[in-house]
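Trainee:
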Amino acid sequence: MLISELLGALSKTFPLSSAGYEKDAVGLQIGYDNGVKLTKALIAYEVTDEVATEAIDIGANLIIAYHPLIFPSVSAITDTTRTGALTRLLIKKNIALYVLHTAFDAHSELGTSALMASALGLVNCKALAPLDSRLEKIIVFVPTADAAKVQEAMWAAGAGHIGNYDEASFSVEGTGTFRGNEKANPAIGAKLVRENVAESRIEMIVEKWTSAAVIRAMMQAHPYEEVAYDRYPLSNEHPTYGMGTIGELPNEMSVKNFLDLTASTFTTPVLRYNEVSRALISRIALVGGAGMDYYSAALRAGADAFITSDIRYHDFYKAKHDGLLLVDAGHAETERFVRRGMYNAVNGVYKSVDLHREIGDSFVVESRTEPNAVQYYLYDRKPENL
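When you line the sequence shown up against the working numbering, it's residues 4 to 389, in that order.
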């Protein structure tokens, strides 16, 4: 299998244009664009010296990481910076780097916050902040006799998916008129003659990242030399992609028990939180990593508690005033399930692409390294001499 084949298939599950943060650095950051055979892919939380060494040791020529190495940009690649030194090492060792980050976050069933919710045992989960402007509508006018053929081609290319339904479309019949000039090669009628044809207007929802493929398929299936179609951007929320998760505990908990559950689930040695007047916690909002941009979404969703990280001091006062339990459970800690989640997703994609994969082959490997830039010092206060 080529590296480009694996990454192309992976982008269908985690399309880069679905990334929750438009300025994020996702996709191929270092290495091979096409034509290079995959030896092994190492799945890692982020690139560190230890992760790079591990990739070299196992003979991997691809690292699929969650956090970007190059972000937001670099003016020079030298060994005077961590980014420069690691970039030079990967290039020297011919190791490509592909980053998922918010493209992984945004998947409401497989992504970071969904993994957090599953670990906490939440039920009735949905996206906290569904992404909008990721959908388009394609409308095409086709002779009614050929409508079914064009519909099938568009569906096969990825159009017509709405939530748990596929092959969704709307059509209405009417009359199309046209006249070809002397250079035309009409499939129906003759040059310089106005034609009136029974046509169907077919409408389908399409994800932006599949629009080009759907239009190509539509063109190939369409009988006309010149195809009349419209392409409209939509502001609808996407049913599958969104940032964060909102869900419910199976049973209400006291604040203390909920903090105990949070600390044990994310293995966070110290939680930062605010005082809150409510006695019981039930509805939980989650955003892995630095998620305070979605604080307002948590309030609108009626959350009793919001778990995220990298929270500023005065935000805790704000949460106290709003009656929301705000919990900082640590950046890497809230993302501690990402590496395994990415491994499962990438391995599933690999198996679906390489149907002849031999049992026992390990082309996708989960990194052993669990990086965390933040260390905790727990002060063990001794009682004074009695």
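Glycine included, each C-beta is placed from N, C-alpha and C at the ideal position.
Could you tell me which of T337, I142, L10 and K40 sits nearest to Y235, measuring between CA atoms?
Mentor: Taking only the C-alpha atoms, the option nearest Y235 is I142.
Trainee: Could you say which of A63, V102 and I61 lies nearest to F74 if we only look at CA atoms?
Mentor: Closest option to F74, Cα to Cα, is V102.
Trainee: Taking only runs that begin and end inside the segment 231-317, name each unbroken beta strand (DSSP E) of 3 or more residues, in chain order.
Mentor: If we require 3 residues or more, the beta strand (DSSP E) runs fully inside the segment 231-317 come out as 232-237, 240-257, 283-293 and 308-312.
Trainee: When the distance is taken between beta carbons, is T115 closer than 9 Å to Y24?
Mentor: Result no, Cβ atoms of Y24 and T115 do not sit closer than 9 Å.
Trainee: Please say whether L134 and V162 have beta carbons closer to each other than 9 Å?
Mentor: A quick correction: the sequence has Ala, not Val, at residue 162. No; because the gap between Cβ atoms is not below 9 Å, this pair is not in contact.
Trainee: Helix, strand or coil, according to DSSP, for G363 in the structure here?
Mentor: The pLDDT assigned to G363 is 48, lower than 50, so where the model puts this residue is not dependable; a value taken from the coordinates is nonetheless given after this. Of the three classes helix, strand and coil, the one that applies to G363 here is coil, per DSSP.
Trainee: Do A150 and Q223 have their beta-carbon atoms positioned less than 9 Å apart in this structure?
Mentor: Contact: no.
Trainee: Identify the continuous beta strand (DSSP E) that holds A201 and give its terminal residues.
Mentor: Unbroken beta strand (DSSP E) run through A201: E198 to E210.
Trainee: Compute the Euclidean distance between the alpha carbons of I6 and R315, then round it to the nearest angstrom.
Mentor: So the two alpha carbons sit approximately 41 Å from each other.
Trainee: Roughly how many angstroms separate the alpha carbons of S14 and P226, rounded to a whole number?
Mentor: Approximately 31 Å between the Cα atoms of the pair.
Trainee: Just reading off the beta strand (DSSP E) that K140 is part of, what are its end residues?
Mentor: Here the beta strand (DSSP E) through K140 covers L138 to P146.
Trainee: Helix or strand or just coil, what does DSSP make of F173?
Mentor: Three-state result, F173: strand.
Trainee: Got a sec? Which residues, its chain only, sit under 8 Å from G363 by beta carbon, not counting five neighbours each side?
Mentor: Here G363 scores only 48 on pLDDT, less than 50, and its place in the model should not be relied on; the value that follows carries that caveat. Contacts found: none.
Trainee: Roughly how many angstroms separate the alpha carbons of Q32 and V196, rounded to a whole number?
Mentor: If you take the alpha carbons of Q32 and V196, they lie about 55 Å apart.
Trainee: Of all the options D331, Y276 and L123, which has the alpha carbon lying nearest to the alpha carbon of L252?
Mentor: That would be L123, whose Cα lies nearest to the Cα of L252.
Trainee: Could you check whether A187 and E228 sit closer than 9 Å to each other, using their CB atoms as the reference points?
Mentor: Against a cut-off of 9 Å, the Cβ pair of A187 and E228 comes out as a contact.
Trainee: Can you tell me whether G183 is helix, strand or coil according to DSSP?
Mentor: Looking at G183 - three-state DSSP - the assignment turns out to be coil, as it is neither helix nor strand.
Trainee: Considering only DSSP beta bridges, list what T178 is partnered with.
Mentor: In DSSP, T178 forms a bridge with A201.
Trainee: Under 8 Å: do the segment 57-75 and the segment 327-347 share three or more Cβ pairs, one atom per stretch?
Mentor: Yes: the two stretches touch, three or more of their Cβ pairs being nearer than 8 Å.
Trainee: Considering Cα atoms alone, identify which of V377, R371, D357 and L283 is closest to K40.
Mentor: Closest option to K40, Cα to Cα, is D357.
Trainee: Could you say if the segment 269-279 and the segment 292-300 meet the contact criterion of at least three C-beta pairs nearer than 8 Å?
Mentor: Output reads no: the segment 292-300 does not touch the segment 269-279.
Trainee: What is the DSSP secondary structure of H104, reduced to helix, strand or coil?
Mentor: Here H104 sits in coil by DSSP.
Trainee: So which of K152, T90, A120 and N64 has the shortest CA-CA distance to S76?
Mentor: Closest option to S76, Cα to Cα, is T90.
Trainee: Quick one: what's got a C-beta closer than 6 Å to A266's C-beta in the same chain, skipping five residues either side?
Mentor: Closer than 6 Å at Cβ, skipping near neighbours: L274.
Trainee: What does DSSP give as the partner residue(s) for L72 in the beta ladder?
Mentor: For L72, which the question treats as bridged, DSSP gives no partner whatsoever.
Trainee: By DSSP's criteria, I191 is part of a beta bridge. Which residues make up the other side?
Mentor: According to DSSP, which records beta bridges pairwise, I191 is partnered with nothing at all.
Trainee: By how many angstroms is the C-alpha of P18 removed from the C-alpha of V352?
Mentor: Their Cα atoms are separated by approximately 13 Å.
Trainee: If the criterion is Cβ atoms closer than 9 Å, does the pair A306 and T16 meet it?
Mentor: Not a contact, by the Cβ cut-off of 9 Å.
Trainee: Are E57 and F144 closer than 9 Å when you measure CB to CB?
Mentor: Not closer than 9 Å, so no.
Trainee: Between the C-alpha atoms of S174 and D233, what's the straight-line distance to the nearest angstrom?
Mentor: Cα to Cα, S174 sits roughly 14 Å from D233.
Trainee: Leaving aside the five residues before and after T51 along the sequence, list all residues of the same chain whose C-beta is less than 8 Å from its C-beta, in chain order.
Mentor: L89, T372 and P374, listed in sequence order.
Trainee: Using 10 angstroms around the beta-carbon of E112, count the other beta-carbons present and answer buried if the total reaches 16, otherwise exposed.
Mentor: Exposed, by the Cβ-count rule.
Trainee: Is N375 helix, strand or coil by DSSP?
Mentor: Reduced to three states, the DSSP call for N375 is coil.
Trainee: Enumerate in chain order the residues of its own chain whose CB-to-CB distance from A99 is below 8 Å, with the five nearest sequence positions on each side excluded.
Mentor: Here the set comprises I6, L31, I33, G34, Y35, V39, N64, L65, I66 and L93.
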